[in-house]
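Residue numbers (my numbering), protein chains in the order written: chain H, 3 to 118; chain A, -12 to 595.
The structure under discussion appears below in the form of structure tokens.
Structure (structure tokens):
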């Protein structure tokens, strides 16, 4: 916040031609409860990792929907799997599984990209 | 010459079986680490060898553990295994006596009544009686096995495993072996009169229809059944028979799985007889989850088609391990598979900082779950205050997770980063004791942290110590308490008595049917990453409904996770041990501030 960067936010345009939906589709297939997320942020408020760093579970959900695989692959590493988010979720979403699926799919994508 | 051809199917099957067995056993033993191989060789020279032999006899032949669980099922297994073993041994002795030689051809005892038509050798009457008796013993087991396949409820089993083609071939031929032996021996008894009470009486049923050709074909069929069974054995669940013997020796040598797959995995996987006892213990069936139980996981590892959906759909409660007659470490095995499956994506947690620790005599680590149940933290603070300890509440503001949830998800490497960070802090505090109020944390602190001389104490233990030292005085109430054993504390850490001892001081503790080793999982388990909230609710309600039949005033538990799960059920009052203790301490007699209210005037029109 010190550099006033919030005054000139980066572009949030999404180019749907380049939209990479592989990650989102994978999560939806195996954890359909993710679709019921209302982005309330309860998960973020209770998060143990979020207490130590700027990790934000709600943002993970948003990025997942936007297909920001690159950003996710960095951010998702911060989760400690403690399961508090899953316990507090008012929509009963199995968030731990969502995180596991994202990690799994990203590592699959990495090997896929290497082969290509 | 044609007479001798009946040996052929039996011999071909046996040789094939032996080649496969020797190949597999050598491969498995070679696959063990160097240290484990040394351990195995060393154990053969010590008393452990005798212990293992005894276990082979008790478990492999007598099936002692199944007997304890279910006598009928135990008898079925014993009559088949021990009966067959005795049949082979007694058969050999009989042939040795008849031939007056120590070395007899291997096939002869199997087909003795076919080749030896006379009955004029030493003790022949006794031997034929003994052999008939043993055959009857085995046949009783076979008929029970057939009955069990179609009416499993008679054996107290709710579920039994699904069979594959290989299993079916082996099962059918195994079932046929002994009835065919009876038929063949009876036919021989009919012709040569060399039978005893069983074979003679069955033989007499054949009447005059007995002939050499029928006799030959019956013996041939018997030999074929044996041959088929031997050939089908390596690719069926009956591979557990030879593998279990190896497993017992390997286990007794002190060999364990070390977070990665090696051939010990294979030995355990092949030792599973798919008896299905773990299915009956698994709670997930009540929620309609029927494909991820230990027996199926073992099968899938063997067939190399294990999916993540099955692997991670397990509460890791450990109930399946309790009754496994082979003693397979199902939980270790499953976690190892999870480690293998998540190897590609362990986190590094570079953001972890070394936050300076505070000097204290005692460290308290509440853990993530306790932070969701503030009542426990409040009670713990109160208890520390009563004890007058110099405590550093390590994760009051912020701290990494203990690492256990990561381990349950298979990410050991990631967990080790959290462990290193926490260890530094705890050791840095210079404390002598670490108190934890969450069994999930307790397990990992006890087992995976290297804390030098710092003693890890679970809060129930700590409270019990305080009560014994009379630091805490308790008022015993008449409230009925049912104690719920948390999985990680009970089956996980074998701590059953300490929490109960504390609760006995505070109220009247009721003992219930499903407790200690057979205690329910609350359904909240962090071990399961796939189960949905609805399914968790079914598991929780199932447990609570059982507890409610004892009409307790309080459901006590020692785990914040269990408390959190149970409190969502509105029908029962759930408290953690620490909360109950604080509630039962005598309240300090502070003069109550009595609010003096001005008496309200009653107006007449209010009544109108």
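All C-beta atoms, glycine included, are put in the ideal place defined by N, C-alpha and C.
Could you tell me if residue i is buried or exposed, where buried requires 16 or more neighbouring beta carbons within 10 angstroms of its beta carbon?
i: residue 28(A); result: exposed
i: residue 364(A); result: buried
i: residue 133(A); result: exposed
i: residue 594(A); result: Residue placement at residue 594(A) is flagged as unreliable, the pLDDT there being 48, under the threshold of 50; a coordinate-derived value is accordingly withheld.
i: residue 114(H); result: exposed
i: residue 12(H); result: exposed
i: residue 382(A); result: buried
i: residue 413(A); result: buried
i: residue 186(A); result: buried
i: residue 221(A); result: buried
i: residue 93(A); result: exposed
i: residue 27(H); result: exposed
i: residue 325(A); result: buried
In this structure, what does DSSP give as the bridge partners for residue i?
i: residue 495(A); result: 467(A)
i: residue 563(A); result: 544(A)
i: residue 442(A); result: 420(A)
i: residue 380(A); result: 351(A)
Considering only residues of the same chain and omitting the five flanking positions on each side of residue i, which have a CB-CB separation below 7 Å?
i: residue 486(A); result: 447, 470, 545 and 564
i: residue 104(A); result: 179 and 181
i: residue 503(A); result: 472, 477 and 483
i: residue 82(A); result: 91, 95, 96 and 99
i: residue 346(A); result: 416 and 417
i: residue 89(A); result: 83
i: residue 51(A); result: 45
i: residue 295(A); result: 328
i: residue 14(H); result: none
i: residue 12(A); result: 233
i: residue 184(A); result: 116 and 119
i: residue 36(A); result: 30
Excluding five sequence neighbours on each side, which residues of the same chain lie with their C-beta closer than 8 Å to the C-beta of residue i?
i: residue 323(A); result: 244, 246, 247, 248 and 252
i: residue 508(A); result: 270, 302, 304, 306, 474, 526 and 530
i: residue 84(A); result: 108, 109, 110 and 114
i: residue 535(A); result: 558 and 559
i: residue 56(A); result: 264, 310 and 312
i: residue 354(A); result: 382, 388, 389, 423, 424, 425, 427, 428 and 547
Verify the contact flag: residue i, CB atom, against every heavy atom of the ligand NAP, threshold strictly below 7 Å.
i: residue 111(A); result: The ligand NAP is not part of this structure, which contains no ligands at all.
Could you pull out every residue in the same chain whose Cβ sits closer than 6 Å to the Cβ of residue i, ignoring the five residues on either side in sequence?
i: residue 48(H); result: 86 and 90
i: residue 108(H); result: 75
i: residue 506(A); result: 472 and 477
For this session: Using a Cβ-Cβ cut-off of less than 8 Å, list which residues of the stretch 21 to 46 of chain H approach chain A; keep chain order.
Result: 32 and 35
Exercise. Are three or more beta carbon pairs between the stretch 551 to 564 of chain A and the stretch 519 to 528 of chain A nearer than 8 Å?
Worked result: Contact between the stretch 551 to 564 of chain A and the stretch 519 to 528 of chain A is present, because at least three Cβ pairs lie under 8 Å.
For this session: Give a yes or no on contact between the stretch 323 to 339 of chain A and the stretch 71 to 88 of chain H, applying the rule of three or more CB pairs nearer than 8 Å.
Result: yes
Exercise. Going along the stretch 452 to 482 of chain A in order, which residues come within less than 8 Å of chain H, judged by CB to CB distance?
Worked result: Those would be none; no residue qualifies.
Problem set entry | Inter-stretch contact (C-beta, 8 Å, three-pair minimum) for the stretch 383 to 397 of chain A and the stretch 82 to 89 of chain H | yes
For this session: Would you check if there are 3 or more beta carbon pairs closer than 8 Å linking the stretch 104 to 118 of chain A to the stretch 54 to 67 of chain A?
Result: Contact annotation: the stretch 104 to 118 of chain A does not touch the stretch 54 to 67 of chain A, with fewer than three C-beta pairs closer than 8 Å.
Exercise. Any residues in the stretch 4 to 16 of chain H with a beta carbon nearer than 8 Å to a beta carbon of chain A? Which ones, in chain order?
Worked result: none
Exercise. If we count Cβ pairs, one from each stretch, closer than 8 Å, do we get three or more for the stretch 340 to 351 of chain A versus the stretch 255 to 271 of chain A?
Worked result: Touching, no, given that fewer than three Cβ pairs across the two stretches are closer than 8 Å.
Exercise. So does the stretch 358 to 372 of chain A actually touch the stretch 1 to 21 of chain A, counting three or more Cβ pairs closer than 8 Å?
Worked result: no
For this session: Please name the residues in the stretch 365 to 391 of chain A whose beta-carbon is closer than 7 Å to at least one beta-carbon of chain H, in chain order.
Result: Cβ contacts with chain H come from 385, 387 and 388.
For this session: State whether the stretch 60 to 68 of chain H contacts the stretch 35 to 42 of chain H, with contact taken as three or more CB pairs (one from each stretch) at a distance under 8 Å.
Result: They touch, by the three-pair rule.
For this session: Could you run through the stretch 527 to 553 of chain A and flag, in chain order, every residue whose CB is less than 7 Å away from some CB of chain H?
Result: 551
Problem set entry | Interface residues of the stretch 76 to 87 of chain H facing chain A [CB-CB below 9 Å] | 78, 79, 80, 81, 82, 83, 84, 85 and 86
For this session: Could you please tell me which residues of the stretch 342 to 361 of chain A, in chain order, have their CB closer than 7 Å to any CB of chain H?
Result: 355 and 359
For this session: Flag this pair as touching only if the stretch 39 to 50 of chain H and the stretch -12 to 0 of chain A have three or more C-beta atom pairs under 8 Å; answer yes or no.
Result: no
Exercise. Does the count of Cβ pairs from the stretch 156 to 173 of chain A and the stretch 183 to 196 of chain A closer than 8 Å reach three?
Worked result: yes
Exercise. Can you list, in chain order, the residues of the stretch 54 to 74 of chain H whose Cβ is nearer than 7 Å to any Cβ on chain A?
Worked result: Contacts with chain A (Cβ-Cβ distance below 7 Å) from the stretch 54 to 74 of chain H involve 54 and 55, listed in chain order.
For this session: Flag this pair as touching only if the stretch 17 to 28 of chain H and the stretch 69 to 76 of chain H have three or more C-beta atom pairs under 8 Å; answer yes or no.
Result: Yes, since at least three Cβ pairs between the stretch 17 to 28 of chain H and the stretch 69 to 76 of chain H fall closer than 8 Å, the two stretches touch.
Exercise. Three or more beta-carbon pairs under 8 Å between the stretch 137 to 150 of chain A and the stretch 73 to 82 of chain A, yes or no?
Worked result: The stretch 137 to 150 of chain A makes no contact with the stretch 73 to 82 of chain A: fewer than 3 CB pairs, one atom from each, lie closer than 8 Å.
Exercise. Going along the chain, which residues of the stretch 504 to 518 of chain A sit with their C-beta nearer than 7 Å to a C-beta in chain H?
Worked result: 513, 516 and 517
Exercise. Of the residues that make up the stretch 288 to 307 of chain A, which ones have a beta carbon closer than 8 Å to any beta carbon in chain H?
Worked result: Under the 8 Å Cβ criterion, the stretch 288 to 307 of chain A contributes 295, 296 and 299.
Exercise. So does the stretch 400 to 409 of chain A actually touch the stretch 431 to 442 of chain A, counting three or more Cβ pairs closer than 8 Å?
Worked result: yes
Exercise. What residues in the stretch 320 to 334 of chain A have a beta carbon less than 8 Å from any beta carbon of chain H?
Worked result: Legend: CB atoms of the stretch 320 to 334 of chain A lying less than 8 Å from CB atoms of chain H belong to residues 329, 331, 332 and 334.
Problem set entry | Interfacial residues, the stretch 412 to 445 of chain A to chain H, with Cβ spacing under 8 Å | none
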